[in-house]
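Working notes, beginning with the structure itself.
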Amino acid sequence: MTIVTLNLYIGVAALILTFLMSMKQGLIKSWWVSFLQNFCGILFIFSGFVKAIDPMGTAYKMEDYFKEFELTCKGSFLSFMSDLFPFLLKYAIGFSVFMIILEIMIGIMLILGTRRKLTVGLFFGIMVFFTMLTGFTYLTGYVPKDVNFFEFSKWTTFDKSFMRVTNCGCFGDFLQIVPKTSFFKDIFLMIPAILFLFFWKRCHELFTPSLRSSISWFSIVGLFLFSLSNFKWDEPMIDFRPFSNGADIKAVKEKEQKAMADVEIVAWKLRNKTTNKIEDVPDKEYMSNLAKYPKTEFEVLDQVKSEPTVKQTKISDFAIFSLDGTDMTEMILDETRNLLIIVCPKIYYTSKSEMVTIQDTIYVQDTTWMGAKKDSFNVQSRISEVKTKEVKQNKYYWDAGFLDRLNKDILPRIDSLKADGVQACLVAGGAGEEAIMDLKKTLGVAFPFYSTDDILLKTIMRSNPGLVLMRSGMLIHKWHYRHIPSLEELRKDFLPYNPTLLH
Numbered sequence: 001m002t003i004v005t006l007n008l009y010i011g012v013a014a015l016i017l018t019f020l021m022s023m024k025q026g027l028i029k030s031w032w033v034s035f036l037q038n039f040c041g042i043l044f045i046f047s048g049f050v051k052a053i054d055p056m057g058t059a060y061k062m063e064d065y066f067k068e069f070e071l072t073c074k075g076s077f078l079s080f081m082s083d084l085f086p087f088l089l090k091y092a093i094g095f096s097v098f099m100i101i102l103e104i105m106i107g108i109m110l111i112l113g114t115r116r117k118l119t120v121g122l123f124f125g126i127m128v129f130f131t132m133l134t135g136f137t138y139l140t141g142y143v144p145k146d147v148n149f150f151e152f153s154k155w156t157t158f159d160k161s162f163m164r165v166t167n168c169g170c171f172g173d174f175l176q177i178v179p180k181t182s183f184f185k186d187i188f189l190m191i192p193a194i195l196f197l198f199f200w201k202r203c204h205e206l207f208t209p210s211l212r213s214s215i216s217w218f219s220i221v222g223l224f225l226f227s228l229s230n231f232k233w234d235e236p237m238i239d240f241r242p243f244s245n246g247a248d249i250k251a252v253k254e255k256e257q258k259a260m261a262d263v264e265i266v267a268w269k270l271r272n273k274t275t276n277k278i279e280d281v282p283d284k285e286y287m288s289n290l291a292k293y294p295k296t297e298f299e300v301l302d303q304v305k306s307e308p309t310v311k312q313t314k315i316s317d318f319a320i321f322s323l324d325g326t327d328m329t330e331m332i333l334d335e336t337r338n339l340l341i342i343v344c345p346k347i348y349y350t351s352k353s354e355m356v357t358i359q360d361t362i363y364v365q366d367t368t369w370m371g372a373k374k375d376s377f378n379v380q381s382r383i384s385e386v387k388t389k390e391v392k393q394n395k396y397y398w399d400a401g402f403l404d405r406l407n408k409d410i411l412p413r414i415d416s417l418k419a420d421g422v423q424a425c426l427v428a429g430g431a432g433e434e435a436i437m438d439l440k441k442t443l444g445v446a447f448p449f450y451s452t453d454d455i456l457l458k459t460i461m462r463s464n465p466g467l468v469l470m471r472s473g474m475l476i477h478k479w480h481y482r483h484i485p486s487l488e489e490l491r492k493d494f495l496p497y498n499p500t501l502l503h
């Protein structure tokens, strides 16, 4: 599926719907206005629906934007707005659900013709907002990392590595389109948004005003409950992410890594220090004429590489580490037994430093010569002195709800499945070694605790905590903590019967 084919399908659906409406005499005031109503309405409903399936994904995307907007505002004339974005960051999921419902409702109201003047105003407003987001996403490709977005004189040639947010998330994980395409899509949609402002009286109206209002209110309630069901009460009903049930993580990771290893350098991005001009020099030309590009005159900005033959996904970033930094990824992917992984994208706690008194024991070593010729010796350690001293130590206070979810919903099942040979571990994101070790001590469990990038864990699992069953590098199934099957269901439906695979 591409953005072109998607628009073709929506265009055909809008054309059919407009034709059916035309069969009722007097309903359509203008064919082209009604077609645009239906086209934009269906597009908004579809775009919003694929995001309503995974509101948490949109929330994570908005967090990326809020962080970048804060940094951009701080270094510009908009510094007075910088404090707004940390506030919005705290309520990213609420903002996500609101925007998703608003988008779908605008689509429904466009098709129905509900409160036409209000609807076209909302459509125009949200299109301005979307265009600003996608425009920022795309245009930052012209802004070097150390340059503020509003320093226009320092913009340079486009480089996708400059982009602060690499994907706008217009269609969630269902369809990822490059920022440039997304930006021009929104520029195109601004055309009907502006036309509606002038021709809103020509928009069609379906049914009676009271029925249109009833449909709208029922839709709002239904969409709110549907959105909650896809993150608060369960995992997304349809998983468009690469870490879906049945994904062979080991095989896909190996293919993607091989494809990246086969990538070739096709050109070199150079900056002329005198003229400040940036150009791409083909690899063969650059390597055979190095003398023409001395370091005193040219700066190598980047290597231009060929595209990998296999599309890269977040699976390439799948990496798990022990708390001392040892890479455990291969061991986890090679584990042939059932492995239950408790996934915690974020661990919830507060901490404060306290002064504690500890006993500091000082040892000395005594050397005793052995034998008549004293040609050997024995070294013994003994306590010389015991001192008390005060040291600063972090004390952790764990969120009761977070611990409750682990202790009631997950750990009892893991404990019961030990007899079945099921292995277990916990992987936490975005936390230091000390905090993770304190969590392990608090829970009183023996299985290993690992760490990794929180973004990776957010991609794998929307629930926090969540449970993932893996075997031989394959993601067998994953569960929201509210929907973990009973022991009987786990043994019957998800654990293999062959005991040689378990032990």
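If you count by the UniProt record's numbering, then the sequence shown holds residues 1 to 503, one letter each, in order.
Glycine is no exception: its CB is placed at the ideal position from the N, C-alpha and C atoms.
- Note on geometry: alpha-carbon atoms of residue 362 and residue 384 lie some 6 Å from one another.
- In the three-state DSSP reduction, residue 405 falls in the helix class (H, G or I).
- Bridge partners of residue 327 according to DSSP: 321.
- For the 8 Å CB-CB criterion, residue 105 and residue 216 form a contact.
- Looking from the CA of residue 15, the closest CA among 24, 27 and 37 belongs to 37.
- In terms of Cβ geometry, residue 381 and residue 365 form a close pair [threshold 8 Å].
- Inter-residue distance for residue 148 and residue 131 is about 20 Å (C-alpha atoms, whole angstroms).
- The C-beta distance from residue 176 to residue 256 rounds to 16 Å, too long to fall under 8 Å, and the pair is not in contact.
- Note on geometry: alpha-carbon atoms of residue 378 and residue 424 lie some 46 Å from one another.
- In this chain, residue 168 is not harboured by any alpha helix (DSSP H), its DSSP state being neither H nor E.
- Every unbroken stretch of the alpha helix (DSSP H) spanning 4 or more residues and falling wholly within the region 413 to 456 is given here in chain order: 433 to 443.
- Following the DSSP letters along the chain, one finds residue 283 in no beta strand (DSSP E) but inside the alpha helix (DSSP H) bounded by residues 283 to 288.
- Residue 30 and residue 5 have their alpha carbons spaced roughly 26 Å apart.
- Shown here, residue 354 sits in a strand according to DSSP, grouped into three states.
- Taking the C-beta atoms as reference points, residue 196 is found nearer than 8 Å to residue 124.
- Inter-segment contact for the region 108 to 126 and the region 71 to 88 is absent: fewer than three beta-carbon pairs are separated by less than 8 Å.
- Around the Cβ of residue 233, a 10 Å sphere holds fewer than 16 other Cβ atoms; the residue is exposed.
- Residues 155 and 158 of the same chain have their beta carbon placed closer than 6 Å to that of residue 142, with the five preceding and five following residues left out of the count.
- Under a 10 Å Cβ-count criterion, residue 140 is classified as buried, with 16 or more other Cβ atoms of the shown protein chains found around its own Cβ.
- Residue range 376 to 398 is occupied by the beta strand (DSSP E) that includes residue 396.
- Of the candidates 133, 74, 174 and 432, 432 places its Cα closest to the Cα of residue 349.
- Between residue 475 and residue 319, the CB-CB gap reaches or exceeds 8 Å.
- DSSP places residue 267 in the uninterrupted beta strand (DSSP E) bounded by 265 to 272.
- Proximity to residue 282 across 164, 269 and 294 peaks at 269, based on C-alpha coordinates.
- The beta carbon of residue 249 is closer than 8 Å to those of 243, 315, 318, 333, 470, 473, 474 and 475 in its chain, skipping five residues each way along the sequence.
- Ranking 168, 10, 145 and 151 by CA distance to the CA of residue 161 puts 145 first.
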